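**Student:** Have a look at this one.
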Amino acid sequence: MIKKIFILIISVICIQFYLNFSYAIDPEEILKNSKQETRARNISKNIRCMICQNQSIDESSASLAKDLRILIRVKIKDGKTDKEIYKFLSDRYGDFILLNPPLKSKTIVLWFLPFVLFFIGIVFIYYHNRKSNKT
Amino acid sequence: MKKQLFTSFIIVISLIFISFFYLLITERNPSEIRSNLINKDIPSFQSKSLFKNKKFISSDEFGNEIVLVNFFATWCKPCLEEHVYIMRFAEREKIRVIGINYKDNSEKTKLWLKKLGNPFSDVVIDKNGSIAIDWGVYGIPETFIVNSNKKIKYRLVGQITEKKYNKLMSLIKKTK
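Residue numbers (my numbering), protein chains in the order written: chain X, 1 to 135; chain B, 1 to 176.
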């Protein structure tokens, strides 16, 4: 019996994590065209909420996030491409608004420093272990 | 070889720590993001003016002098707190200040400015926040220094305090 209850609780938790619904979006924001709406959601998930900063505008209920979600939908309806929409936003708010910062000369350290540190760490461990084995 | 490797590892780790502590002790607000429009032309816009019967057209209003652009709203408490400094810019320093009234009630704004004094040469109505988005605004109040070539030279996010007022003044003096 206890085992069954345990499995049930675990299943509910797993389902909860799997169904990661966003509640920020208002029903009136949703576009009737499902393809366009999917595009809008995908773009929104990649745009940082400038007020909350650790959330995307898709998840944020901040007023600016809502304005940007509406703006993205207007631009999609106007026939703008995803690239044009990202450019429109990064022209105004900088690359910081993109949750995936582009690979540029300015961001090269951001992208490659973890790999460099990882490599240094591996080499350090290798030599350290070799020394330990000798002794 | 091993010694060199160890030294370089220590140098890298030390540099990371020094950068971390430097950023920790320097006076900066991590939530304050540098405007992407610095040294770029002001975004062009036109909208209704709160007190004038004609439309405010940005291309006609900038370019002759240094102008401060202040995004404000009557519902925003820091805007109320900083109003005294906006008045000081306009009255004491004779700097032209253009107010962008962000998502606000026009009648309330008129009463608010009547009560506190109106430092703005023009008050532009930004009913849906689209002008603010074009200027990369993310928090009210925000104040921009625009030079006589219509270029944005500085953006201050948040309320103007005595210290920030002095900083803005020194930047205005340096701005051409």
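A virtual CB, placed ideally from N, CA and C, is assigned to each residue, including glycine. Just so we're clear, the structure is a prediction, and the values are computed from it rather than from any experiment.
For the alpha helix (DSSP H) containing Tyr138/B, name the first residue and the last one.
**Tutor:** As a first step, residue 138/B must be located in the second sequence, where it is residue number 138. It is not in any alpha helix (DSSP H) - Tyr138/B carries neither H nor E in the DSSP assignment.
**Student:** Considering only the beta carbon of each residue, do Arg96/B and Leu68/B sit closer than 9 angstroms?
**Tutor:** Locating residue 96/B in the second sequence gives position 96, counting from the first residue. Locating residue 68/B in the second sequence gives position 68, counting from the first residue. Yes. Within cutoff.
**Student:** Mind checking who Ser106/B pairs with in its DSSP beta bridge?
**Tutor:** For the purposes of this step, residue 106/B is taken as residue 106 along the second sequence, with counting starting at 1. Beta-bridge pairing links Ser106/B to no other residue.
**Student:** Using CA coordinates, which residue listed in Arg69/X, Ile15/X and Phe96/X is at the minimum distance from Asn36/B?
**Tutor:** Taking the first residue of the second sequence as 1, we reach residue 36/B at position 36. Answer by Cα proximity: Phe96/X.
**Student:** State yes or no: is the beta carbon of Phe118/X nearer than 9 angstroms to at least one beta carbon in chain B?
**Tutor:** Numbered from 1 along the first sequence, position 118 holds the residue referred to as residue 118/X. Not one chain B Cβ lies under 9 angstroms of Phe118/X.
**Student:** Determine which residues of the region 124-141 of chain B have a Cβ less than 9 angstroms from any Cβ of chain X, and write them out in chain order.
**Tutor:** Going along the region 124-141 of chain B in chain order, one finds Asn128, Gly129, Ser130, Ala132, Ile133, Asp134, Trp135, Gly136, Val137, Tyr138 and Gly139 with a Cβ nearer than 9 angstroms to chain X.
**Student:** I'd like to know whether the C-beta atoms of Pro43/B and Asp134/B end up nearer to each other than 9 angstroms.
**Tutor:** Taking the second sequence and counting its residues from 1, one reaches residue 43/B at position 43. Taking the second sequence and counting its residues from 1, one reaches residue 134/B at position 134. Yes, these two residues count as a Cβ contact at 9 angstroms.
**Student:** Measuring only the C-alpha atoms, how far is Pro141/B from Asn128/B?
**Tutor:** Start at 1 with the first residue of the second sequence, and residue 141/B comes out as number 141. Start at 1 with the first residue of the second sequence, and residue 128/B comes out as number 128. So the two alpha carbons sit approximately 16 angstroms from each other.
**Student:** Decide if Val137/B is buried, meaning its Cβ has at least 16 other Cβ atoms within 10 Å, or exposed.
**Tutor:** Here residue 137/B corresponds to residue number 137 of the second sequence, with the count starting at 1. Answer is buried; the Cβ neighbour count reaches 16.
**Student:** How many Å lie between Leu171/B and Lys150/B at the Cα?
**Tutor:** Residue 171/B sits at position 171 when you count from the first residue of the second sequence. Residue 150/B sits at position 150 when you count from the first residue of the second sequence. Their Cα atoms are separated by approximately 16 angstroms.
**Student:** Using beta-carbon positions only, say whether Ser44/X and Cys52/X come within less than 9 angstroms of one another.
**Tutor:** The sequence position of residue 44/X within the first sequence is 44, counting from 1. The sequence position of residue 52/X within the first sequence is 52, counting from 1. No; because the gap between Cβ atoms is not below 9 angstroms, this pair is not in contact.
**Student:** Does DSSP put Ile173/X in a helix, in a strand, or in coil?
**Tutor:** Lying before the first or after the last residue shown, residue 173/X is absent from chain X, which here runs from 1 to 135.
**Student:** In this structure, what does DSSP give as the bridge partners for Val157/B?
**Tutor:** By one-based count along the second sequence, residue 157/B stands at place 157. For Val157/B, which the question treats as bridged, DSSP gives the partners Glu142/B.
**Student:** Anything in chain B within Cβ reach of Tyr86/X, meaning under 8 angstroms, just list it in chain order.
**Tutor:** Counted from its first residue, the first sequence places residue 86/X at position 86. What Tyr86/X touches in chain B: nothing, since even the nearest Cβ is about 13 angstroms away.
**Student:** Do the region 68-78 of chain B and the region 97-108 of chain B make contact, defined as three or more Cβ pairs closer than 8 angstroms?
**Tutor:** Touching, yes.
**Student:** In its own chain, which residues sit with a C-beta less than 8 angstroms from the C-beta of Lys40/B, not counting the 5 before and 5 after it?
**Tutor:** Numbered from its first residue, the second sequence carries residue 40/B at position 40. These residues qualify, in order along the chain: Lys151 and Ile152.
**Student:** Between Ala40/X and the rest of its own chain, which residues show a CB-CB distance below 8 angstroms, the 5 nearest in sequence each way excluded?
**Tutor:** By 1-based counting over the first sequence, the position of residue 40/X is 40. For Ala40/X, where only same-chain residues beyond five positions count, the Cβ hits under 8 angstroms are Leu31, Arg69, Ile72, Arg73 and Ile76.
**Student:** Below 7 angstroms between beta carbons is the criterion; list the residues of the region 4-30 of chain B that meet it against any residue of chain X, in chain order.
**Tutor:** The region 4-30 of chain B vs chain X, Cβ under 7 angstroms: Leu5, Phe9 and Val12.
**Student:** For a contact meaning CB atoms closer than 7 angstroms, what does Arg92/X contact in chain B?
**Tutor:** As a position in the first sequence, residue 92/X is number 92, starting the count at 1. Within 7 angstroms Cβ-Cβ: Asn36, Ile133, Asp134 and Gly136.
**Student:** Could you round the C-beta distance between Ser56/X and Asn46/X to whole angstroms and report it? I think they count as a contact, below 8 angstroms.
**Tutor:** For the purposes of this step, residue 56/X is taken as the residue at position 56 of the first sequence. For the purposes of this step, residue 46/X is taken as the residue at position 46 of the first sequence. Correct: roughly 7 angstroms between the Cβ atoms.
**Student:** Sort Thr143/B, Glu162/B and Val124/B by Cα distance to Phe45/B and report the nearest one.
**Tutor:** On the second sequence, residue 45/B is found 45 positions in, with the first residue counted as 1. Considering only alpha carbons, the answer is Val124/B.
**Student:** Among Ile86/B, Gly63/B, Leu23/B and Asp126/B, which one has its Cα closest to the Cα of Met169/B?
**Tutor:** On the second sequence, position 169 is the one that residue 169/B refers to. Among Ile86/B, Gly63/B, Leu23/B and Asp126/B, the Cα nearest to that of Met169/B belongs to Ile86/B.
**Student:** Does the beta carbon of Pro43/B come closer than 9 angstroms to any beta carbon on chain X?
**Tutor:** As a working mapping, residue 43/B is identified with position 43 in the second sequence. Closer than 9 angstroms to some Cβ of chain X, the Cβ of Pro43/B qualifies, so yes.
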